[in-house]
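S.K.: Taken in order, these protein sequences are the chains called A and B.
This note's numbering puts the first residue of the first sequence at 2, with every later residue one more than the last.
This note's numbering puts the first residue of the second sequence at 2, with every later residue one more than the last.
Where a beta carbon is used, it is the ideal one built from N, C-alpha and C, also for glycine.
There are 2 protein chains.
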Amino acid sequence: MGSGAYAGLFPLADVYAARDVDGKTFGEELERIGYKGEPRGTPTVGAYFEAHIEQGPILEAEKRTIGIVTGAQGQRWFEITLTGMEAHAGPTPMARRRDALVGAAEIVRTVNRIGHEFQPDACATVGMMQVHPNSRNVIPGRVFLTVDFRHPVDARLAAMDAALRAEAAAIADKCRLELELKQILDFKATPFDAGCVAAVRAGAERHGYSHRDIISGAGHDAVYVAKIAPAGMIFVPCEDGISHNEIENATLDDLAAGCQVLLHAVLDKAGAR
Amino acid sequence: MGSGAYAGLFPLADVYAARDVDGKTFGEELERIGYKGEPRGTPTVGAYFEAHIEQGPILEAEKRTIGIVTGAQGQRWFEITLTGMEAHAGPTPMARRRDALVGAAEIVRTVNRIGHEFQPDACATVGMMQVHPNSRNVIPGRVFLTVDFRHPVDARLAAMDAALRAEAAAIADKCRLELELKQILDFKATPFDAGCVAAVRAGAERHGYSHRDIISGAGHDAVYVAKIAPAGMIFVPCEDGISHNEIENATLDDLAAGCQVLLHAVLDKAGAR
């Protein structure tokens with residue numbers, strides 16, 4: 002939230018009003034601990050660099066030390082509800098069914114196929130599914146599911162979006178289901194500044210670290226700051242791509258290499274000024 | 002439970018020990034209300050008839066008054082767990098995923114296809130699905146689902162079972178998932194006694210009621226009693242196939258017709274003795 006508010010993406014009032022699970026607001030808690038300052042006017046940042054574990058499996062699998070992050074994926078999130086007709090699984094003939102889960106399965110398949118079709122770099126995931134009434138001898142009458150699409154090129158992401166809408170409608174039609182499809186997030190792809198990317202590359206090459214260009218799939222402070230200043234990122238490998246988890250792990254050597262590249266990228270950009 | 006215990010399918014001790022959601026046992030509650038009698042030795046039943054709403058949509062859709070029930074479907078129930086690898090939906094490339102929901106969707110599709118392939122009379126349903134961790138930006142690591150197969154011919158049901166096992170294994174293999182498949186119910190198909198079926202048919206024809214042969218998809222007392230005595234059933238239409246629900250509905254005329262057929266079937270069998 003800090004970097005998003007700083008970059009002007011989130012209104013300050015919304016950030017202060019955000020509540021945790023206990024109902025406490027972020028603004029009141031900042032005040033309570035003495036950290037609620039005053040906005041300082043327009044930010045002036047020459048360049049912003051951020052070093053991070055990859056949170057994915059690519060660098061580890063390819064045995065590269067440094068990921069030169071060229072930008073962050075755009076994201077579009079959707080919520081889909083399919084409604085058919087709940088009925089007894091025994092006496093209801095196949096031909097008369099309006100089984101919402103059969104339609105939902107086709108959508109999962111379509112989302113996965115779209116992800117594979119829009120390679121390189123597309124990601125497509127159905128992460129949540131809720132089946133109603135979720136009883137073993139009742140034909141599901143309603144299914145809710147979520148779709149998470151990511152791509153570093155906005156036009157490709159828009160094409161994934163269009164493919165989903167067209168195919169979901171066709172599936173609902175074929176399975177005689179009602180379809181409700183809502184887009185709940187539209188985050189544009191963020192290419193990083195060419196000069197910052199070059200500075201990271203130069204840092205990796207100066208030390209002879211193996212490297213590759215990479216896209217950030219997750220959100221980062223640098224992605225928000227990139228809206229108001231030149232920004233870049235350095236990734237290092239992490240074990241099995243696991244993050245936000247107690248077993249998250251990276252080697253000391255890789256972390257040290259990431260710090261070296263960070264230092265030299267900052268010096269590079271500072272010298273250029 | 003009463004007819005199942007009477008027919009010797011359920012041990013009496015198991016029935017008495019069954020508990021409701023409040024933890025009360027069936028045996029203690031029978032005793033409390035003065036209904037716990039003593040078993041009377043081997044049952045002697047000349048013939049057993051049961052009249053019932055169809056609990057399905059066929060008679061209503063075809064505008065037939067009487068369903069001549071020729072038997073009850075066999076049932077096989079399965080529980081399937083697919084295990085892959087939970088991972089962040091952003092930085093995890095499509096090609097490296099082990100998405101349990103993608104595999105589960107293929108199983109839903111396969112179950113539905115098997116149901117259509119084994120027509121007439123097959124039913125195949127995935128009624129429950131639980132996705133773990135069920136978060137919109139996490140690739141599902143584990144999915145639990147149930148399969149309900151029904152068919153009036155045991156050999157066909159066995160072939161449906163074999164098809165499921167083979168295809169589920171192939172899907173798990175293709176999607177790089179671990180598969181656990183457990184069969185939790187195996188209830189044989191129960192053809193009703195030819196003499197009882199003929200008596201129901203004669204009753205319907207004597208009154209000129211429109212009729213058709215039909216298979217019972219749900220369980221009934223007659224299905225248990227059929228294990229120890231000649232049994233038959235009469236179905237009448239119900240609105241939209243809905244049952245076990247406050248909106249369950251059947252017309253007075255159809256119910257009266259069902260009673261007429263029941264009466265004449267009983268008289269027929271009694272006269273035959």
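Is V103/B close to chain A? Criterion is C-beta to C-beta, closer than 9 Å.
M.R.: Yes, V103/B counts as interfacial toward chain A.
S.K.: Taking the continuous beta strand (DSSP E) assigned at G112/A, which residues delimit it?
M.R.: First, the residue type needs correcting, since residue 112/A is Val and not Gly in the sequence shown. Careful: V112/A lies outside any beta strand (DSSP E), inside the alpha helix (DSSP H) at 101-118.
S.K.: Whole angstroms are fine: how far does the CA of V70/B sit from the CA of A123/A?
M.R.: Cα to Cα, A123/A sits roughly 54 Å from V70/B.
S.K.: If you measure beta-carbon to beta-carbon, which residues of the segment 123-150 of chain A are closer than 8 Å to chain B?
M.R.: Those would be A123, C124, A125, T126, V127, G128, M129, M130, Q131, V132, N135, S136, R137, N138, V139, I140, P141, T147, D149, in chain order.
S.K.: Kindly list, in the order they appear in chain A, the residues whose Cβ is closer than 7 Å to that of A88/B.
M.R.: The contacting residues are G242.
S.K.: Counting C-beta neighbours from all protein chains within 10 Å, is the total for N250/A 16 or more, i.e. buried, or is it exposed?
M.R.: Exposed is the call here.
S.K.: Say whether chain A places a C-beta atom closer than 9 Å to the C-beta of E107/B.
M.R.: Output row for E107/B: interface = yes.
S.K.: Listing by chain order, which chain A residues have their CB less than 8 Å from the CB of N250/B?
M.R.: What N250/B touches in chain A: nothing, since even the nearest Cβ is about 15 Å away.
S.K.: Out of curiosity, what's the CA-to-CA distance linking S217/A and T82/A?
M.R.: Computed Cα separation, rounded: 30 Å.
S.K.: Just the Cα atoms here: how many angstroms apart are E107/A and M234/A?
M.R.: Each residue's Cα considered, the two are about 38 Å apart.
S.K.: Using the rule of at least 16 other Cβ atoms within 10 Å of the residue's Cβ for burial, across every protein chain shown, is P141/B buried or exposed?
M.R.: With 16 or more other Cβ atoms within 10 Å, it is buried.
S.K.: Short of 7 Å in beta carbon distance, which residues of its chain neighbour A171/B, apart from the five on each side in sequence? Order them along the chain.
M.R.: Taken in chain order, the list of residues that qualify is empty.
S.K.: Might you give, ordered along the chain, the residues of its own chain that have their beta carbon closer than 7 Å to the beta carbon of L182/B, omitting 5 neighbours on each side?
M.R.: Closer than 7 Å at the Cβ level, and outside the excluded window around L182/B, lie F79, I81, R166, A169.
S.K.: What residue does the beta strand (DSSP E) around F79/B start on, and which one ends it?
M.R.: Run containing F79/B: 75-84, per the beta strand (DSSP E) assignment.
S.K.: Residues of chain A with CB under 9 Å from P58/B, in chain order?
M.R.: Within 9 Å Cβ-Cβ: A88, P92, T93, P94, R97.
S.K.: At a CB distance below 8 Å, what residues from the segment 63-81 of chain B approach chain A? Give them in sequence order.
M.R.: Residues Q74, Q76, W78.
S.K.: Which stretch, first to last residue, makes up the beta strand (DSSP E) that contains Y49/B?
M.R.: Y49/B -> beta strand (DSSP E) spans 49-54.
S.K.: Kindly indicate the opening and closing residues of the alpha helix (DSSP H) around E61/B.
M.R.: Where E61/B is concerned, the enclosing alpha helix (DSSP H) stretches over 59-63.
S.K.: What residues from chain B crowd round G218/A, counting only those whose CB sits closer than 9 Å?
M.R.: Those are H89, A90, G91, P92, T93, P94, listed as they occur along chain B.
S.K.: Is it true that the segment 251-269 of chain A meets the segment 99-113 of chain B, where meeting means three or more beta-carbon pairs spaced less than 8 Å apart?
M.R.: No, because fewer than three Cβ pairs between the segment 251-269 of chain A and the segment 99-113 of chain B fall closer than 8 Å, the two stretches do not touch.
S.K.: Excluding the 5 residues flanking I54/B on each side, which residues of the same chain have their C-beta closer than 8 Å to its C-beta?
M.R.: For I54/B, where only same-chain residues beyond five positions count, the Cβ hits under 8 Å are F236, V237, P238, C239, S244, E249, A251.
S.K.: Less than 7 Å between C-beta atoms, sequence neighbours within five positions excluded: which residues of the same chain meet that for A6/B?
M.R.: Only L13, V16 meet the Cβ criterion.
S.K.: Does Q184/A come within less than 9 Å of chain B when only Cβ atoms are used?
M.R.: It does not; no Cβ of chain B falls within 9 Å.
S.K.: A190/A to R114/A, Cα distance in whole Å?
M.R.: A190/A and R114/A: Cα-Cα distance of roughly 21 Å.
S.K.: Are the beta-carbon atoms of R151/A and Q56/A separated by less than 9 Å?
M.R.: Cβ atoms of R151/A and Q56/A: not closer than 9 Å.
S.K.: Closer than 8 Å by C-beta to A18/B: which residues in its own chain qualify, once you throw out the five before and the five after it? Chain order, please.
M.R.: So the qualifying residues of the chain are T26, F27, G28.
S.K.: What in chain B is Cβ-close to L51/A, meaning under 8 Å?
M.R.: According to the sequence as given, residue 51/A is Glu; it is not Leu. By Cβ distance, chain B contributes nothing, its closest Cβ being about 15 Å from E51/A, past 8 Å.
S.K.: So M130/A and L146/A are supposed to be a Cβ contact under 8 Å. How far apart are they, rounded?
M.R.: So it is a contact: roughly 5 Å between Cβ atoms.
S.K.: Buried or exposed for H221/B, please, with buried defined as at least 16 other CB atoms from any protein chain shown within 10 angstroms of its CB.
M.R.: Burial call: buried.
S.K.: If you reduce the DSSP assignment to three classes, tell me which class G5/A lands in.
M.R.: G5/A falls in the helix class under three-state DSSP.
S.K.: By the criterion of Cβ-Cβ separation under 8 Å, what are the contact partners of E206/B in chain A?
M.R.: What E206/B touches in chain A: nothing, since even the nearest Cβ is about 24 Å away.
S.K.: Write down every uninterrupted run of the alpha helix (DSSP H) in the segment 140-175 of chain A whose length is 4 residues or greater and which is fully enclosed by it, in chain order.
M.R.: The qualifying runs are 155-175.
S.K.: Let me know the secondary structure DSSP gives R98/B once reduced to three states.
M.R.: R98/B falls in the coil class under three-state DSSP.
S.K.: For M95/A, count neighbouring C-beta atoms within 10 Å of its own C-beta (all shown protein chains included) and say buried if the count is 16 or more, exposed if not.
M.R.: Burial call: buried.
S.K.: If you compare alpha carbons, which of A230/B, F50/B, M2/B is closest to G201/B?
M.R.: For clarity, residue 201/B is Val in the given sequence; the question names Gly instead. Out of A230/B, F50/B, M2/B, F50/B has the C-alpha closest to the C-alpha of V201/B.
S.K.: Counting only Cβ pairs nearer than 8 Å, list the residues of chain A close to E55/B.
M.R.: Result: P92.
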